[in-house]
Amino acid sequence: MPAIFSTAPGKAILFGEHAVVYGQPAIAIPVTQLKAKAVVQALPLATTGTIHIEAPDINLDSDLSQLPQTNPHAMAIQLVLDTFNINKPPSFLLRITSKIPVASGLGSGAAVAVATIRALSNFLGQPLEDVQVCSLAFEIEKLHHGTPSGIDNTVITYAKPVYFIKGQPIEILSPTKSFTILIADTGVSKATSETVAQVHAAWRANPSEYEVIFNNIGEISKTAYSAINAGKLKLLGQLMDQNQNQLSEMDLSSPELDKLIQSAKEAGALGAKLSGGGQGGNMLALVDESNQASVQSALKNAGAASVFSTTIP
33 MPAIFSTAPG
43 KAILFGEHAV
53 VYGQPAIAIP
63 VTQLKAKAVV
73 QALPLATTGT
83 IHIEAPDINL
93 DSDLSQLPQT
103 NPHAMAIQLV
113 LDTFNINKPP
123 SFLLRITSKI
133 PVASGLGSGA
143 AVAVATIRAL
153 SNFLGQPLED
163 VQVCSLAFEI
173 EKLHHGTPSG
183 IDNTVITYAK
193 PVYFIKGQPI
203 EILSPTKSFT
213 ILIADTGVSK
223 ATSETVAQVH
233 AAWRANPSEY
243 EVIFNNIGEI
253 SKTAYSAINA
263 GKLKLLGQLM
273 DQNQNQLSEM
283 DLSSPELDKL
293 IQSAKEAGAL
303 GAKLSGGGQG
313 GNMLALVDES
323 NQASVQSALK
333 NAGAASVFST
343 TIP
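Anchor point for the sequence shown: position 136 equals 168 in our numbering, and the numbering is continuous, going up by one each time.
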């Protein structure tokens, strides 16, 4: 039996991070230049039920039986087997690789989960629908983020830009004008779960102040939705700047992020902001053909560990 594989893209939150956890809308885009890949290969000579996992990027080489149930790879496998009520699966090797940086706000955990769920369900001859893949990946997201919004697993599962409100049906966006986002890595890793917990604690300590911030971010996301649909890129850039100001109010920026954002703006970016959990990870800059090269150069000169682009058609 040939090996079965599946890939899943990364993601970047364009608007609404953190506030989305509290019921406000958010907009996320797929980052198709960065992908996670899961390959499932039958092991016909192994003892029935043997499941081996290799993830060289994190130095994992282990049988499933040796991993705790809280391991995200183990959980992904078990969720798929439980979905089909399979107690004694055929023996197989699961190999996972990813080009998506960890703890950088690009959805590495969700991408690995989606790729694994799809590859394994296909291997078992029972491909899951997108809605099922998304639901199972959300369960794994809880391991990574504690109280996730669901936006990572959603945009990665569907691999399209989405307008998302927790608990409501997703809306796939269809921009009337393509736009390009530069993504620059600060080189500083910060677990999203940490900043989510930090914001939650601050909200509980001062709910009225934080509700105002969340509402402001929500209004920015709603306006950005209209701007994307209308192809108003200058307005979209201004909204990115406004969103960044609100995130800074919550102490989610950092000197590294601030330096990259300032450099992008000075080089002509239409707007720039952090993306994801904050306090490290990545920032986004909206550019056009006339300034993409200069902004990319400015980001590298400002110390970005890496810079790449994604275009939303």
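Glycine residues also receive a C-beta, built at the ideal position from the N, C-alpha and C atoms. Here the structure is a predicted model, which means the values were calculated and not measured.
In this structure, I202 keeps its C-beta atom at 8 Å or more from the C-beta atom of T179. Under the 10 Å beta carbon count, L77 is surrounded by fewer than 16 other beta carbons and is classified as exposed.
Runs of alpha helix (DSSP H) with 4 or more residues, each lying fully within the segment 86 to 126, are found at 104 to 115, listed in chain order.
Partner residues in a beta bridge of Q274, as assigned by DSSP, do not exist. L318 carries a strand assignment under DSSP once its states are collapsed to helix, strand and coil. For P239, the uninterrupted alpha helix (DSSP H) segment begins and ends at 239 to 262. As for any beta strand (DSSP E) of minimum length 3 sitting wholly inside the segment 207 to 241, the runs are 211 to 217, ordered along the chain. A216 sits away from D184, with the two beta carbons spaced by 8 Å or more.
Of all C-beta pairs linking the segment 213 to 229 to the segment 296 to 308, three or more are shorter than 8 Å, placing the two stretches in contact.
Residue range 58 to 74 is occupied by the beta strand (DSSP E) that includes V72, with no alpha helix (DSSP H) assigned at that position. In this structure, F116 is the residue among V146, I132, E281, F116 with its C-alpha nearest to the C-alpha of Q158. For K332, the enclosing alpha helix (DSSP H) starts and ends at 324 to 333. For the 8 Å CB-CB criterion, L46 and L111 do not form a contact.
By the 16-neighbour rule on beta-carbons within 10 angstroms, K120 is exposed.
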